[in-house]
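The block underneath contains the structure these notes are about, expressed in structure tokens.
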Amino acid sequence: GEEGYPAYLATRLAAFYERAGRVDCIGSGDRVGSVTIVGAVSPPGGDFSEPITQNTLRITGTFWALDTNLAYRRHFPSVNWIKSYSLYIDSLNDWYLENLGPDWEELRDRMMYLLQKEVELQEIVQLVGPDALPESEKAILEVTRMIREDFLQQSAYSDTDSFCPLDKQYWMLKAIQSYDSAMNNAIERGVGLKQVSLLPLRSEIARMKELGSAGEIQALAERIKTSIDALEAER
Numbered sequence: 002g003e004e005g006y007p008a009y010l011a012t013r014l015a016a017f018y019e020r021a022g023r024v025d026c027i028g029s030g031d032r033v034g035s036v037t038i039v040g041a042v043s044p045p046g047g048d049f050s051e052p053i054t055q056n057t058l059r060i061t062g063t064f065w066a067l068d069t070n071l072a073y074r075r076h077f078p079s080v081n082w083i084k085s086y087s088l089y090i091d092s093l094n095d096w097y098l099e100n101l102g103p104d105w106e107e108l109r110d111r112m113m114y115l116l117q118k119e120v121e122l123q124e125i126v127q128l129v130g131p132d133a134l135p136e137s138e139k140a141i142l143e144v145t146r147m148i149r150e151d152f153l154q155q156s157a158y159s160d161t162d163s164f165c166p167l168d169k170q171y172w173m174l175k176a177i178q179s180y181d182s183a184m185n186n187a188i189e190r191g192v193g194l195k196q197v198s199l200l201p202l203r204s205e206i207a208r209m210k211e212l213g214s215a216g217e218i219q220a221l222a223e224r225i226k227t228s229i230d231a232l233e234a235e236r
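In case it helps, this note's numbering puts the sequence shown at residues 2 to 236.
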């Protein structure tokens, strides 16, 4: 087999993971349940090209790529948002649209686009420095920092932040989207990025993960545009 592994490796792995799914429960009554399998694969040296990792990726529908660099930066959970993926997005999209909001897909796609764009911009920043970027691209780096630090990063020691319900996640993203949209509109009208970033609401966004309800974050999202519009009016 490949790299000394037995030839039946892929078959055995598939037989294990395919035990997951919806099931008719044995016993009294017509009961339907589900089995979810979460596997932890730790390849030597973090080499994702080795056979067990590759065969696992071919079978499973979701991949969380743990990143040691994120762990060293004290970013937890240390899940790399660029390498990770889910194949269930299309299957679950209707549920999200119905239970969270009609703009869920657009919202998610925008955040992922910004995070991917950040990777490209960081390469430029390392070569020529951040001052060489136009205001619109500096704004992208500002928003992606908010996504990373104020949304993706969680504290296991916080009673409020250790678990986050979906409706709260939705409004946290909406708050960041409101900031992103209003900031770009302000920059197009000549307001400097530094002026926008000094608004008191910026610190409120940083603390929104500690808010107890989605309603409080919804109110914050609605105040963001008003505050930035007022900044434009002062010019």
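We put the beta carbon where it would ideally sit given N, CA and C, even for glycine.
How would you call residue i, buried or exposed, if buried means at least 16 neighbouring beta carbons within 10 angstroms?
i	result
residue 222	buried
residue 113	exposed
residue 187	buried
residue 178	buried
residue 94	exposed
residue 57	buried
residue 141	buried
residue 82	buried
residue 12	exposed
residue 176	buried
residue 71	buried
residue 96	exposed
residue 145	buried
residue 197	buried
residue 202	buried
residue 129	exposed
residue 24	exposed
Does at least one heavy atom of the ligand PLP sit under 7 angstroms from the Cβ of residue i?
i	result
residue 216	No copy of the ligand PLP appears in this structure; indeed no ligand is present at all.
Are the beta-carbon atoms of residue i and residue j separated by less than 8 angstroms?
i	j	result
residue 138	residue 122	yes
residue 216	residue 161	no
residue 143	residue 194	yes
residue 102	residue 180	no
residue 1	residue 108	Look at the range of the chain in this structure, 2 to 236, and you will see that residue 1 is not part of it.
residue 169	residue 206	no
residue 85	residue 65	yes
residue 61	residue 18	yes
residue 183	residue 225	yes
residue 26	residue 33	yes
residue 228	residue 200	yes
residue 69	residue 47	yes
residue 15	residue 38	no
residue 63	residue 98	no
residue 155	residue 52	no
residue 163	residue 211	no
residue 54	residue 45	no
residue 209	residue 132	no
Mapping the DSSP letters down to three states, classify residue i as helix, strand or coil.
i	result
residue 158	coil
residue 47	helix
residue 32	coil
residue 120	helix
residue 255	Outside the modelled stretch of the chain, which goes from 2 to 236, sits residue 255, for which no answer is possible.
residue 137	helix
residue 9	coil
residue 19	coil
residue 131	helix
residue 231	helix
residue 101	coil
residue 145	helix
residue 125	helix
residue 152	helix
task = Could you tell me which uninterrupted alpha helix (DSSP H) segments, each at least 4 residues in length, are contained entirely in the segment 50-96, listed from first to last along the chain?
result = Fully enclosed alpha helix (DSSP H) runs of 4 or longer: 52-60 and 69-73.
For this session: Jot down the residue ranges of each uninterrupted alpha helix (DSSP H) in the segment 167-228, minimum 4 residues, whole runs only, in chain order.
Result: 167-189, 194-198 and 201-207
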